[in-house]
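Protein chains in written order, with the numbering used here: chain A, 1 to 251; chain B, 252 to 535; chain C, 536 to 823. Structure first, commentary second.
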Amino acid sequence: MSDKIKVENLSCFYGKHRVLESLNINVVKNEILTIIGPANSGKTSFLRTLNRMNDFNPDYSREGAVYLDNDNIFEMNTEKLRKRVGMLFAMPIPLPMTIYENIVYAPKRLGVVAGKKSDQDAVVEQALKDASLWDEVKDRLDSSAMKLSGGQQQRLCIARILAINPEVILFDEPCSGLDPISTAKVEESMIELKEKYTIVLVTNNVKQASRVGDRTAFFLMGKLVELDKTGTMFVSPKQKQTEDYITGRFG
Amino acid sequence: MFRLNPKLSQKLSYALLFCATIFVIIPVVFILFIIIKNGASAITWEFLTSMPRNGMRSGGILPAILGTLSIVSCAICITLPIGVSAAIYLNEYAKDNLLTRIIKLAIVNLAGVPSVVYGLFGLGIFVMFFKLGVSIIAGALTLSIMELPVIITTARGALNSVPYSFREASMSLGVSRWQTIRYIVLPNALPGILTGAILSIARISGETAPILFTAAAFYVPHLPGSIFDQVMALPYHLFIISTQIPNMPKNIIFGTALVLLMLVLSMSLIAIIARLYFRKRRKW
Amino acid sequence: MRKIIDSVMETIVFICGILSIVFVALIFGFLLKEGFAFFKEFGVINFITGRFWYPVSNPPQFGILPLIVGSLLVTVGAAVIAVPMGVMAALYISEIAPKGVRDILKSFVELMAAIPSVVIGFVGMVTIVPIIRMTFNLPTGLTAFTGSLMLAFMAMPTIVTISEDAIRSVPWAYKEGALALGATRWQTVRRIVLKAAMPGIVAAVMLGIGRVIGETMAVMMITGNAAQIPHSIFEPVRTMTATIAAEMGETVRGGMHYRALFALGFVLFVITFIVNFVADLFSGKSKK
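Following this line, the structure appears as structure tokens:
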């Protein structure tokens, strides 16, 4: 098994405040790596560093390196990086346009799909099918994406990422605003997606980590406390802090 | 000391505040009433579409209407793209540094420069220095600089009302910053920008002082032919016929004022209604 | 390709962004260029403290003291009327009026702001001016007081709109605290809201005053345009703005009189610059 992402000595700061400290971690190809930890443990900062969404924050700075395959992402063009590493946010953010336009928006702008209508139709259908949304929306592709339910919106956002055919997908607490049934559907699609993609999932929900993660990393106060196969970690955590957290004693 | 009971004091204060509010809005009603009452009879098709005659004491105001329309349309075509671009820079690109603060201060001060000083400036730079002469283009350039801070401010408001998350979602897909602005931010800010533009058109249609020495003429016997022509303009025409020409028939003055007022107020009303409409229809 | 478009567009919007600075500098430069030639010949002190403005007599006199006094008188008069009225109306609209009424009132205030100054001047000429003349039994109704009254109407929309924003941005929690302690709504508004919104209101007042100082057409039409130092507000005065507007058309381009008017414009520019700067300081404070 090969590493898709390799993080070497990564530290991140907001102003002078250090949110991640000398992090070393790897993400294996076609696995779901889940990251758990209490609030302010640095897990979202870590995730947003992987596709450099933090670059927009003027206070943000970092040290160390992150390799995607063998390229240092900090030396890459951010647009190329983000095409390869997609991100799903905590709240679903459909763009204010139709369902159809939401999907073809990025492929058109990136020049991934030709202007031909039939090509675009194919991209839309495939992406929606992969995100298991096709059956629910195929009859109303031209209605506003804002009218979908929360769970449908989140799957639309997944479809939108799939349409540009990334290599890695980052999930930032994607189910925090969803009900259990919608959550189950999103989790289902995640498990299907790892056939083709590499997934990093940040979650506040320890049970979710145990359900979908191949490996799990536990972050605390900006440090990686433990990283292991999910099954192993949940049965016999090596660190006391990990045990306390996953058994719900704090956090 | 004598103290009112709080309930009564509240009632009295409310009444006072209400009177003050009435005092603020009564002039609008009053001005509209006087001008419509006295001016409506002058408005005929002929008044709107013919040249002034008899030392402007009879005939129509067509050249003044066309003059104002041409100056204003030129001005908005210049100021809108520059203003919106500047707003895009400030809202989407500018970092919080000294340069940005200076730009913002400059905008505040441009907004505060008296209109007659813009007139002086336009005379100095466009009429004299660039030798454009007293012309539509010199007046339009002067007005466009005057209106720039207003356009920038309203456009920034419109850009700002587009949620930041849309930009983030777009850019997280690898779409570039400019593409995000072009395909996500601008389309959604467009109603606000256009509303601001309409209000600006209304405002500059009524401006007199900036075009006094840069574009407006007392009387021009023909219609404007090119942007280098000197023209008559509605507000200046109203000023002339109400102060400079003896024995001017009252109904022509009121009629001119009514046409100007309708031009300005109808556009302001359109803008106000459009804003309410778009606010209700907003998708997020 | 995408990269090229991106950087080209960024450059374009950046240039448009700094154009504002360029324009302020250009205005300053052009006024100063013409004004400086005048100052060198006539002297700044003579200009500002001279009591006589006789630009076409021989030798000409370019003392702008009467014009400054005229502007000041009209402005102070307008502020005395517009500030309390405007702030009270803003309080009413933001804190007391029911929602439906509020939108209507705000639309009226906006319409008032949209009426061209030359129309206001004209209506003032045919209505207020004769009323003032008869009420106070004056030789003419074209006085500083008439000007103040009309300018107050023109400043009020600015004051109302910006004060209203400031009042509405007072956090709800402030009011809730006072109301919970049993204060009436009015006591809350007067003691808590007004105090918290004060920087914003001061900014609104400064901007309103800025508008009054710079106002030209209406002032020229109703203040009588007599370049003399008045003894009371019921005498005609002439403001700096009206002087420029009225006389520039008759000057010889590049002549002494022409330059004197640019110098006057420069003084006006500096005054409004300071007023707006102060307003900006306060509005910055109110945002924090």
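All C-beta atoms, glycine included, are put in the ideal place defined by N, C-alpha and C.
Three-way DSSP call (helix, strand, coil) for residue i in this model
i, result
"ILE36(A)", "strand"
"LYS229(A)", "strand"
"PHE587(C)", "coil"
"ASN360(B)", "helix"
"LYS116(A)", "coil"
"SER182(A)", "helix"
"MET87(A)", "strand"
"ALA613(C)", "helix"
"GLN596(C)", "strand"
"GLU545(C)", "helix"
"THR446(B)", "helix"
"ASP71(A)", "strand"
"SER555(C)", "helix"
"VAL772(C)", "strand"
"SER236(A)", "coil"
"MET536(C)", "coil"
"ALA345(B)", "coil"
"ASN814(C)", "The residue asked about is misnamed: residue 814(C) is Ala in this sequence, not Asn. DSSP places ALA814(C) in helix when its eight states are reduced to three."
Pair within 8 Å by beta-carbon distance, residue i and residue j
i, j, result
"THR203(A)", "LYS4(A)", "no"
"TYR340(B)", "PHE549(C)", "yes"
"THR751(C)", "ALA466(B)", "no"
"SER512(C)", "ILE523(B)", "Examination of residue 512(C) is not possible in this model, given that chain C is present from 536 through 823 alone."
"VAL664(C)", "THR681(C)", "yes"
"ALA613(C)", "LEU677(C)", "no"
"ILE282(B)", "ILE757(C)", "no"
"GLY745(C)", "ASN672(C)", "no"
"LEU313(B)", "PRO475(B)", "no"
"LEU600(C)", "ILE764(C)", "yes"
"GLY37(A)", "MET91(A)", "no"
"GLY375(B)", "ILE322(B)", "no"
"ASP228(A)", "THR216(A)", "yes"
"MET691(C)", "MET620(C)", "yes"
"SER652(C)", "LEU399(B)", "no"
"SER144(A)", "THR98(A)", "yes"
"THR807(C)", "GLY717(C)", "no"
"ARG84(A)", "GLU8(A)", "no"
"PHE234(A)", "SER41(A)", "no"
Opening and closing residue of the alpha helix (DSSP H) in which residue i lies
i, result
"ILE376(B)", "First-last for ILE376(B): undefined, no H or E at that position."
"VAL202(A)", "Looking at the DSSP string, VAL202(A) is not in any alpha helix (DSSP H); the run it does join, the beta strand (DSSP E), is 198-202."
"SER493(B)", "485-494"
"GLU75(A)", "Unbroken run through GLU75(A): none, as it is neither H nor E."
"VAL644(C)", "634-649"
"ASP244(A)", "240-246"
"ASP135(A)", "134-137"
"THR675(C)", "Element bounds for THR675(C): n/a, residue is neither H nor E."
"ARG703(C)", "679-703"
"ARG48(A)", "43-50"
"GLN152(A)", "150-162"
"LYS531(B)", "501-532"
"THR723(C)", "720-723"
"VAL654(C)", "652-661"
"SER210(A)", "206-212"
Start-to-end residues for the beta strand (DSSP E) that takes in residue i
i, result
"ASP3(A)", "3-14"
"ASN26(A)", "17-28"
"TYR67(A)", "60-68"
"ALA217(A)", "215-220"
"ASP172(A)", "168-172"
Residue-chain proximity (residue i, chain D), Cβ-Cβ < 8 Å
i, result
"PHE464(B)", "No chain D appears in the structure shown, which is made up of the protein chains A, B and C."
*Return the chain-ordered ranges of every beta strand (DSSP E) run that is complete within the segment 379-430 of chain B and spans a minimum of 3 residues.*
none
*At least three beta-carbon pairs within less than 8 Å, the segment 798-808 of chain C to the segment 351-367 of chain B*: yes
*Can you find at least 3 beta carbon pairs, one from the segment 491-510 of chain B and one from the segment 428-440 of chain B, that sit closer than 8 Å?*
In this structure the segment 491-510 of chain B does not touch the segment 428-440 of chain B; the number of beta carbon pairs closer than 8 Å is below three.
*asked:* Taking 8 Å as the cut-off, does the segment 366-382 of chain B touch the segment 324-336 of chain B (at least 3 CB pairs, one atom from each stretch)?
replied: no
*Do the segment 614-629 of chain C and the segment 692-704 of chain C meet, that is, are 3 or more Cβ pairs less than 8 Å apart?*
yes
_Taking contact to mean 3 or more Cβ pairs, one atom from each stretch, closer than 8 Å, check whether the segment 779-798 of chain C and the segment 552-572 of chain C are in contact._
yes
*Cβ contact (3+ pairs, closer than 8 Å) linking the segment 395-413 of chain B and the segment 498-518 of chain B*: no
_Any alpha helix (DSSP H) of 4 or more consecutive residues that is wholly inside the segment 260-340 of chain B_ = 296-300, 313-339
*Using 8 Å as the Cβ pair cut-off and three pairs as the minimum, do the segment 108-119 of chain A and the segment 442-449 of chain B touch?*
no
_Three Cβ pairs or more, each shorter than 8 Å: is that satisfied between the segment 55-63 of chain A and the segment 3-19 of chain A?_
yes
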